[in-house]
Amino acid sequence: MKTLRLILGDQLNYKHSWYKTQQDNYVYCMFEMRQETDYVTHHIQKIIGFFAAMRDFSNVLKSEGHHLEYFKLNDKRNTQNLIENLKIIIQEHNIEKFEYQLPGEYRLDQQLLIFTKDLKIPTQAFSTEHFYTNRYELKNFFKNKKQFLMETFYRQMRKTHNILIIDNQPEGGKWNFDKSNRNKWKDAHHIPPFKKFNNDVTDIVELLKNENIKSIGSFKSNTFEYPINRVQALEQLKYFCENLLIHFGDYQDAMHTKQVNLFHSRLSFALNLKLISPKNVVDTVLNYWYKYGKDISISQVEGFIRQIIGWREYMRGMYWALMPEYSNLNALNNTHSLPGFYWTGNTKMNCLKHAITNSLENGYAHHIQRLMVTGNFALLAQIHPDAVDKWYLGIYVDAIEWVQLPNTRGMSQFADGGKIATKPYVSSASYINKMSNYCESCYYNKNEKLGDDACPFNSLYWNFLDDKRKALSNNHRMGMMFSLLDKMDKTQLVKIKERAKTIMESPDNF
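Just remember that our numbering sits 303 ahead of the position in the sequence shown, which is counted from 1.
In structure tokens form, the structure reads like this:
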């Protein structure tokens, strides 16, 4: 039976069972499409990276003797639409069966479900064979439970997959070493230069220019520095184990004006395109630690593994458990527009300037920069979550909706009312100063709530608590902050709210 197999741009898993045998009756297809470049405005490095990885993957398949139809963006047959492209190949090759791997995004999942419903030939959907869990495993795990706590799911994952477990108990005596993962980096430990790959993407850069693809961010060379294939991803993983794991946990939440990556792995792009599997990453880290890690504390290892089998699997599970309604939630009724400086980095607030500039230049920011700087300000300024979602989905090279949406709308913006985060992740300047050196050279005074030089985060923070009191009053984790708000001088609070209003009305003046 002549079978067509679709490979999406984030399904570059060379270890998939599809490719174990070469069979003449299978035709594979991959497409570079404006459907995908244009549905949100992406960072130019994100588009370049996807196309570079897809082309590399296609070359591997062809070298192995697989029959692959690959439509480049400017291919004359390319309709720029997934379904229309599939119809062309089905007709050209007299396809008798259609197969695809389950998409990571609800948008594409629905597109393929509608297409296959009316297709006159048999269809079959396969697992991507990438994640530890299946789509609805988390949903079933939390069935009939009132809360979807990540920690509960994480502990079950540890037990199920026997990760950092000895005699059914957590290795090191604790399930979670998060309290050891909150240190401020003060240049106490040398940070090795990040590993970069010189992937020549000159042709892709020219293609995007010639096709007038709209993008954000910058790309200053013709070499893409993140891994674009499995070999490079494994090199990146090896480099992380040998050079960065030793202090990853200590400084995973730290931020610094002179550091872009600190001790982070830079594996998220490769992971989210499925160039490498989470199991491969976890097993490699554990094997290295057990064999060579006498100087590496368990808090470094557990902190990293928690991100992989905890947050990553949890976010995917929550996405599929709660979609499609989840993408429209706005529990706090925030309505403001995203400030213009999110697209330029032009602001006097030093933390935002660095986090956004880093994002624009590298398509990257680590989780605390995303959560407690850009996300924190967006929530305090009461930006509509739709605008925040679009920005996060577009600006980061690793952003795919299954991981971006629950992290942004849920954890960062609390737009789901607490399904993911147990409280809003908001703070005044104090937290940013605690975890970074941003405040040291800032135009604004981190200690002041009022006055022209007072940090905008401070007035926005107290205004947010006052504005959202009704929505958050039953949240027990917010009790202490509301107690402090109640003790604040009422005249001072009025002035704080006036300043916050000025900031929210004209954020690009700050």
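Glycine residues also receive a C-beta, built at the ideal position from the N, C-alpha and C atoms.
Take Glu432 and list the residues in its own chain whose beta-carbon comes closer than 7 Å to its own, dropping the five residues that flank it on each side.
-> Start at 1 with the first residue of the sequence shown, and residue 432 comes out as number 129. Here the set comprises Asn316, His319, Ser320.
Quick one: measure Cβ to Cβ for Val729 and Tyr529, integer angstroms, because I've assumed they're closer than 8 Å.
-> Taking the first residue of the sequence shown as position 1, residue 729 is located at position 426. Taking the first residue of the sequence shown as position 1, residue 529 is located at position 226. Wrong, their Cβ atoms sit about 31 Å apart, outside the cutoff.
Cα-Cα separation, His345 to Val706 = The sequence position of residue 345 within the sequence shown is 42, counting from 1. The sequence position of residue 706 within the sequence shown is 403, counting from 1. If you take the alpha carbons of His345 and Val706, they lie about 16 Å apart.
To which residues of the same chain is Thr650 closer than 7 Å at the C-beta, ignoring the five residues directly before and after it?
-> Taking the sequence shown and counting its residues from 1, one reaches residue 650 at position 347. Cβ neighbours of Thr650 beyond the five flanking positions: Phe644, Lys656, Phe813.
According to DSSP, what are the bridge partners of Pro473?
-> In the sequence shown, the residue the question calls residue 473 occupies position 170. DSSP, once it has assigned bridges, lists Ile468 as partnering Pro473.
Taking Cβ positions, are Trp765 and Met783 nearer each other than 9 Å?
-> Locating residue 765 in the sequence shown gives position 462, counting from the first residue. Locating residue 783 in the sequence shown gives position 480, counting from the first residue. No, Cβ-Cβ distance for Trp765 and Met783 is not below 9 Å.
Alpha helix (DSSP H) containing Gln716: first to last residue?
-> Taking the first residue of the sequence shown as 1, we reach residue 716 at position 413. Where Gln716 is concerned, there is no enclosing alpha helix (DSSP H), given that its DSSP letter is neither H nor E.
Please determine, among Thr436, Asn710, Met333, Leu565, the residue with the shortest C-alpha to C-alpha distance to Pro727.
-> Counting from 1 along the sequence shown, the entry for residue 727 is found at position 424. It is Asn710.
Determine contact between the stretch 386 to 404 and the stretch 413 to 427, defined as no fewer than three beta-carbon pairs at a distance below 8 Å.
-> yes
Could you give the DSSP three-state label for Asp503: helix, strand or coil?
-> Start at 1 with the first residue of the sequence shown, and residue 503 comes out as number 200. Strand.
Have a look at the DSSP bridge pairing and note the partners of Lys400.
-> For this step, residue 400 is matched to residue 97 along the sequence shown. Partner(s): Thr306.
How many Å lie between Ala291 and Ile601 at the Cα?
-> This structure cannot settle anything about residue 291, because the visible part of the chain is limited to 304 through 813.
Where does His345 sit, in a helix, a strand or coil, going by DSSP?
-> Counted from its first residue, the sequence shown places residue 345 at position 42. DSSP places His345 in coil when its eight states are reduced to three.
Buried or exposed for Gly476, please, with buried defined as at least 16 other CB atoms from any protein chain shown within 10 angstroms of its CB.
-> Within the sequence shown, numbered from 1, the residue matching residue 476 stands at position 173. That one is exposed.
Hey, Glu395 and Met304 are a contact pair by Cβ (cut 8 Å); roughly how many whole angstroms apart?
-> Numbered from its first residue, the sequence shown carries residue 395 at position 92. Numbered from its first residue, the sequence shown carries residue 304 at position 1. Wrong, their Cβ atoms sit about 17 Å apart, outside the cutoff.
For Met333, name the three-state secondary structure that DSSP assigns.
-> For this step, residue 333 is matched to residue 30 along the sequence shown. Three-state result, Met333: strand.
Three-state secondary structure (DSSP) at Asn575?
-> The residue given as residue 575 occupies position 272 in the sequence shown. In this structure, Asn575 counts as helix in the three-state DSSP scheme.
Taking only the alpha-carbon atoms, compute the straight-line gap between Thr632 and Pro581 and give it to the nearest angstrom.
-> Here the question's residue 632 lines up with position 329 in the sequence shown. Here the question's residue 581 lines up with position 278 in the sequence shown. The sequence shown places Leu at residue 632, rather than the Thr named in the question. Rounded to whole angstroms, Leu632 to Pro581 spans 29 Å at the Cα level.
Taking the beta strand (DSSP E) that Thr805 falls in, what are its first and last residues?
-> Here residue 805 corresponds to residue number 502 of the sequence shown, with the count starting at 1. Taken as a continuous stretch (DSSP letters only), Thr805 belongs to no beta strand (DSSP E), being part of the alpha helix (DSSP H) at 793 to 808.
So what's Thr526 in DSSP terms, helix, strand or just coil?
-> What you label residue 526 is simply residue 223 of the sequence shown in a count that begins at 1. Residue state, collapsed to three classes: strand.
Specify the secondary structure class of Gln383 as computed by DSSP and reduced to three states.
-> On the sequence shown, position 80 is the one that residue 383 refers to. Of the three classes helix, strand and coil, the one that applies to Gln383 here is coil, per DSSP.
Residue range of the alpha helix (DSSP H) that Glu545 falls in?
-> Here residue 545 is taken as the residue at index 242 of the sequence shown, counted from 1. Taken as a continuous stretch (DSSP letters only), the alpha helix (DSSP H) holding Glu545 covers 533 to 546.
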